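The numbering of the sequence shown is the working numbering, which starts it at 863 and goes up by one.
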Amino acid sequence: MPRFFVESVQSDFIEITGDDARHIALSLRMKKGESLVLCDGKGTEAEAVIREAFPESVVLDITERRNSIAEPETEVVLYQALPKFDKLEYIIQKSVELGVSKIVPVLSSRCISRPDEKTMKKKLERLRKIADEAAKQSGRGKLPEVGELLSFKNAVLEMTKFETPIFFFEHAEYPLREIMEKRTGGKIAMMVGSEGGFSDDEAKFASEHGALIASLGPRILRCETAPVAALSAIMFAAGEMEIK
């Protein structure tokens, strides 16, 4: 069923306007009596039946409300060292599909991509649109946020406030399995490198400030593969890949 995000699903009827209305009426060619799913972006979704559909306005009657079954209970924030933007777009799309709560771009010492403020602001608009579209496609009940670009040190200081801060580096101190087995709950933060990975000094800084240094195994993964593999492993270990 097509899925759209709205401010609230608590009313008995909802009116959709703008681009979503045009998409429903013109692109999807949906008619009176057909059903779709509305989400409030906070984890509640509702089935709704179209009362009337025009390009400028679609009116729907709510028939059922429920908690989103596709929304994970485990909150994971990805701190991603900035790769080339086509790779970052892929990372954001797949991370949202896997259940990430937020993606924060990070500027580390080995990042090849180093956009200026104006370019980054423009890119963020596209990255947020990609995250929104991935959330709709994958049945998410929340819209994951794409945050502002942070410096490496500020990103580490932010992520180490989380209950489980995981820093992925080839010279690991802890097996990921052990980290997840010892986890007692709370939010998880994970930081993954760009094309050039992280320097030894960066890994040392992260460790000294409380990050758990973990590896993704003996194979060398591309920067767009690593966060997807890491997030999949974390979600599986947290029980979020099971049918509940």
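The beta carbon of each residue, even a glycine, is placed where N, CA and C say it ideally should be. Just so we're clear, the structure is a prediction, and the values are computed from it rather than from any experiment.
By the C-beta density criterion, Q955 is buried, having at least 16 other C-beta atoms within 10 angstroms. Boundaries of the alpha helix (DSSP H) around S1094: 1088-1099.
Out of S1077, V911, A908, I931, the CA that lies nearest to the CA of M1103 is found in I931. Taken through DSSP and simplified to helix, strand or coil, F867 comes out as strand.
Annotation for E926: the continuous beta strand (DSSP E) segment containing it runs 919-929.
Bridge partners of A993 according to DSSP: none are assigned. Per DSSP, M1103 is not a residue of any alpha helix (DSSP H), being assigned neither H nor E. For D902, the number of other beta carbons within 10 angstroms of its own is at least 16, and it is reported as buried.
Here T925 is exposed, its C-beta having fewer than 16 other C-beta atoms within 10 Å.
Restricting attention to S919, T936, F947, the CA atom closest to the CA of L888 is found in S919. Closest in alpha carbon position to G1059, among L890, A1088, V958, L1011, is A1088. DSSP, reduced to helix, strand and coil, places K1066 within a helical segment of the structure shown. Beta-bridge annotation (DSSP): V1008 is paired with I965. Sorting P864, R1002, A1092, K1004 by C-alpha distance to the C-alpha of F1029 places A1092 at the top. For Y941, the enclosing beta strand (DSSP E) starts and ends at 938-943. If you look at R913, you'll find it in the beta strand (DSSP E) that goes 906-916.
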